[in-house]
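The working numbering runs 4 ahead of the 1-based position in the sequence shown. By construction, the Cβ of each residue, glycine as well, lies at the ideal position given by its N, Cα and C atoms. A short write-up of the structure that comes next.
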Amino acid sequence: MTDQAVDTESTEVSGTEQPPAVDDIPTARQFLGRERELKELRADIESAGLETLSGRKAPRARVLLIAGRPGYGRTALAEELARQVAESYPDGVLRVRLTEPDGTRVPIERAARELLSALDLPTPPGADEDDLSAALRDALADRRALLLLDDAADAEQVDALLPDNPECLVVAVSGGPLTGISDVRPCTLGGLDTKSAVELLSRFTGSVRVTVDPRAAEELVLECTGQPAALMLAGGWLAARPKAAVADLARHLNAADDEGPPLARVFRLAYGSLLSPAARILRLLSLAPAGLVDPHTASALAGCSVGAARTTLDDFVALGFLHAVDSPLPQYEVPACLQPMLRTLAEKQDRPAELQLARARMLERTLRLLQSCRTITETDSAQARDKLQEMPRALRFPTPRAAEDWLRIRRPALLAAARLAVADGELDTLARRLMSQLVRTMVAHFGTQAAAPELYGIHRLVLDVAERRKLPREKAAALLNLADLDARTGRTNEALARYRAALDAAREANDPYATGRAMESVGGAHQELGDYERAADWYGRALAQRLARDERADAARLYGRIAGTHTCVGRYGEALRNWSSALTGYRRLGDVGGQARALSEMGRVQEYAGRYEESLAICQEALQWARRAEDTRLQAALHVRLADTLDRLGDPAAARLHRGAAERMLGDELDRLDELHARHAIHEGDACAADETETEHRANTCEIRSGSAGT
5 MTDQAVDTES
15 TEVSGTEQPP
25 AVDDIPTARQ
35 FLGRERELKE
45 LRADIESAGL
55 ETLSGRKAPR
65 ARVLLIAGRP
75 GYGRTALAEE
85 LARQVAESYP
95 DGVLRVRLTE
105 PDGTRVPIER
115 AARELLSALD
125 LPTPPGADED
135 DLSAALRDAL
145 ADRRALLLLD
155 DAADAEQVDA
165 LLPDNPECLV
175 VAVSGGPLTG
185 ISDVRPCTLG
195 GLDTKSAVEL
205 LSRFTGSVRV
215 TVDPRAAEEL
225 VLECTGQPAA
235 LMLAGGWLAA
245 RPKAAVADLA
255 RHLNAADDEG
265 PPLARVFRLA
275 YGSLLSPAAR
285 ILRLLSLAPA
295 GLVDPHTASA
305 LAGCSVGAAR
315 TTLDDFVALG
325 FLHAVDSPLP
335 QYEVPACLQP
345 MLRTLAEKQD
355 RPAELQLARA
365 RMLERTLRLL
375 QSCRTITETD
385 SAQARDKLQE
395 MPRALRFPTP
405 RAAEDWLRIR
415 RPALLAAARL
425 AVADGELDTL
435 ARRLMSQLVR
445 TMVAHFGTQA
455 AAPELYGIHR
465 LVLDVAERRK
475 LPREKAAALL
485 NLADLDARTG
495 RTNEALARYR
505 AALDAAREAN
515 DPYATGRAME
525 SVGGAHQELG
535 DYERAADWYG
545 RALAQRLARD
555 ERADAARLYG
565 RIAGTHTCVG
575 RYGEALRNWS
585 SALTGYRRLG
595 DVGGQARALS
605 EMGRVQEYAG
615 RYEESLAICQ
625 EALQWARRAE
635 DTRLQAALHV
645 RLADTLDRLG
655 DPAAARLHRG
665 AAERMLGDEL
675 DRLDELHARH
685 AIHEGDACAA
695 DETETEHRAN
705 TCEIRSGSAG
715 T
């Protein structure tokens, strides 16, 4: 298994002349024909629906169905219709594919999430399909958008994504009817008309061979039943043989005496003309995640150089086997209609061990690219720079921006690679490494919050592998990460259940770090739910473990969390004792910032208790430590608190001085700080409801609740 190139020469594709360069057939995928279908579809958009005819307002978006078998240009027709009517939908054209290349049905949850992301709307990690579908309908309620739902598996998928807004339009592509959705306008697709089919053929062959024998061209179109995918393969076969006549191809097809659909017959002829190395590469492309291939993927699958892979992929485009994707990076798509045939060939002609080795090479290459993509962001680390220089040149990115662009463009394929690796079940070690690197790379480039929806899915995959392989340490880590994301999105009960399960797994693994983290997180979930007694109890258990292991920084932080729960229920004496213990811990550690925060909270507790003189003295000491820690925000907060306390003590002049100091530090942010402080000052009877202590404490300890315990 290697990232390096095995060969340095281009792979020959055919035993005859080389196919034309991709640039020589720039219009091969340009839309052709279908004037009648387009006219009918556009008329259906404008025509009155059944509800309108009955005097009722249409409750939902109009659904146009383009039905037909793969390879007949269903998606191309849908895209052309969208292009023609796009101006009528100012909120854009939203696209999503509802079936994987291997025929697997895409979950509604994932499809809704992709559509919401296309609208630049947040998608809470872990939200179920009902919540996401509802969010999508809400988002489209006041928009005029066109949804292109490609390769829908059934009516349920379409119905779940259907906007409750007649101003929107849904164009669904499917192999059959969408029974159950009212007022669907179907357009059943057959072959191209003869004129358009011949023109498509001539784009590969050139016009001369078609002009000198138009009858043979028409017969070939009939032989292919006007199916665009079959015609493109036929055109590619002829393009690779400039001396062959169109009639020669028709004779070859008839002489083969094959049975089956035209596409299968033309594919077998075109595939049979490939040299063995190229045929092997083409078969292995059926393993590409999401049907998306780039030169690195093809290189790893075949064990050849990246340059040779790029040349071969371009040749396959010219031969009609692949589609070039419109992308800033070289990227190709395996047509869905060819996927089943390629998989069958791979299973028949390649040994299972060879296919598994190809998958392993692909995952290893993806892992190395992700490592390079992450490492280039660590520009301040000499070790990271050295590691980057040790990588092969083909795996290095020139700039962090180039790495981020690659990650953004390849993200669907990368996530699909993780799902396929876990589903495979035989490459779990590689799958675990891949998912760990994928998490770290996405966080490095996009940040935890922006990447949270994808991270949630990856952590669920990690959990699947950990449970299957009986790995309690990794199970605990995955459960903790999932629970953290649940907690951040307000699903506290779900988070609590996962934290408890993580605690059980951590104890089984005898992992003290994960055990302590789980206990503290259980306490945090109880505190979020308002159960302060249980929160204090769990914080106490976590504290005992930290003290036993002499983990002083964690112990000081936990003293503060316990103090926060006591503050919430008005036990100010207990709160002060725990903050005093936290302060002692920070002093022993030499943590200046920790001392400033602990003193600040002690001053707040004294304020809540009505002891304003004591609060004033402690806050003044805290301000000195905050200055030493160079914590500007804490200094400003303390100035505001001192101002409020001085107002209560009848010294408005001194209060104005402190408020002016805070204003100079924070400027426009001061109003927000004043609002927070005023709200938290109203503590009688409901101190915890507006307690800033826990808010600040959560910010100070976010690395505990969001940090990975080791994916």
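Taking the alpha-carbon positions, what's the E358 to S290 distance? Cα to Cα, E358 sits roughly 14 Å from S290.
Burial state of N582 (16 or more Cβ within 10 Å): buried
For a test of the three-state rule: what should DSSP assign to T192, helix, strand or coil? strand
Where Y275 and D384 are concerned, what is the direct C-alpha to C-alpha distance, given to the nearest angstrom? Using only the alpha carbons, I get a separation of about 51 Å.
Exposed or buried, which one is P218 when buried takes at least 16 other CB atoms within 10 Å? exposed
Cα-Cα separation between A435 and E44, rounded to whole angstroms: 48 Å
Which word fits S51, buried or exposed, when buried means at least 16 other C-beta atoms lie within 10 angstroms of its C-beta? exposed
Can you tell me whether I380 is helix, strand or coil according to DSSP? Coil.
Test item: CB-CB of S158 and R64 under 7 Å: Inspection of the sequence shows that residue 158 is occupied by Asp rather than by Ser. No, they are not a contact pair.
Helix, strand or coil at D432 according to DSSP, with G and I counted as helix: helix
Selected residue, minimal CA-CA separation from E223, among L196, R207 and A254: A254
Could you give the distance in angstroms between the alpha-carbon of Y93 and the alpha-carbon of R117? 21 Å
In angstroms, rounded to a whole number, what distance separates the CA positions of P404 and L459? 21 Å
Taking contact to mean at least 3 C-beta pairs separated by less than 8 Å, is the region 193–212 in contact with the region 33–41? yes
Taking the runs of the alpha helix (DSSP H) that are 4 residues or longer, which of them lie wholly in the region 498–539? 516–532
Which same chain residues end up closer than 8 Å to L392 when comparing Cβ atoms and leaving out the 5 residues on each side of it in sequence? S376, T379, I380 and R400
Suppose you measure from the CA of L98 to the CA of A149; what does that come to, to the nearest Å? 7 Å
Would L267 and A234 be called neighbours here (beta carbons separated by less than 7 Å)? yes
Out of G597, T103, L653 and G594, which one is the CA nearest neighbour of S619? L653
By the three-class DSSP mapping on this structure, what secondary structure does V466 have? In the three-state DSSP reduction, V466 falls in the helix class (H, G or I).
First through last residue of the alpha helix (DSSP H) which encompasses L120: I112 to A122
Between the Cα of G184 and the Cα atoms of R147, C341, A164 and A115, which residue gives the shortest distance? A164
Can you give me the C-alpha to C-alpha distance between A713 and R561, rounded to a whole angstrom? Confidence is the limiting factor: at A713 the pLDDT is only 34, short of 50, which leaves the residue's position unreliable, though a coordinate-based value still follows. Taken atom to atom, the span from the alpha-carbon of A713 to that of R561 is near 18 Å.
What is the DSSP secondary structure of A248, reduced to helix, strand or coil? Note: A248 maps to coil in three-state DSSP.
Three CB pairs or more closer than 8 Å across the region 516–533 and the region 488–504: Yes, since at least three Cβ pairs between the region 516–533 and the region 488–504 fall closer than 8 Å, the two stretches touch.
Nonlocal neighbours in the same chain, by C-beta distance under 6 Å from P293, ignoring five residues either side: Cβ neighbours of P293 beyond the five flanking positions: A417, A420, A421 and L424.
Segment contact, 8 Å Cβ cut-off, at least three pairs: the region 303–314 with the region 340–360: no
Distance check for R492 and V447, CA to CA, integer angstroms please. 16 Å
Enumerate in chain order the residues of its own chain whose CB-to-CB distance from A300 is below 7 Å, with the five nearest sequence positions on each side excluded. In the sequence as presented, Ala is not what sits at residue 300; that position holds His. So the qualifying residues of the chain are V310, R369 and L373.
Taking its Cβ as the centre, do 16 or more other Cβ atoms sit within 10 Å of D146, making it buried, or is it exposed? Exposed, since its Cβ has fewer than 16 Cβ neighbours within 10 Å.
What does the alpha-carbon distance come out to for the pair R245 and T209? 9 Å
DSSP three-state call for A658: helix, strand or coil? helix
Test item: CB-CB of I462 and M439 under 7 Å: yes
Since L68 contacts C172 with CB under 8 Å, what's their CB separation in whole angstroms? Going by Cβ atoms, the distance from L68 to C172 rounds to 12 Å, so no, they are not a contact pair.
Under a Cβ-count criterion, where at least 16 other Cβ atoms within 10 Å of its own Cβ denotes burial, should V212 be classed as buried or exposed? exposed
DSSP-derived helix/strand/coil call for R109: strand
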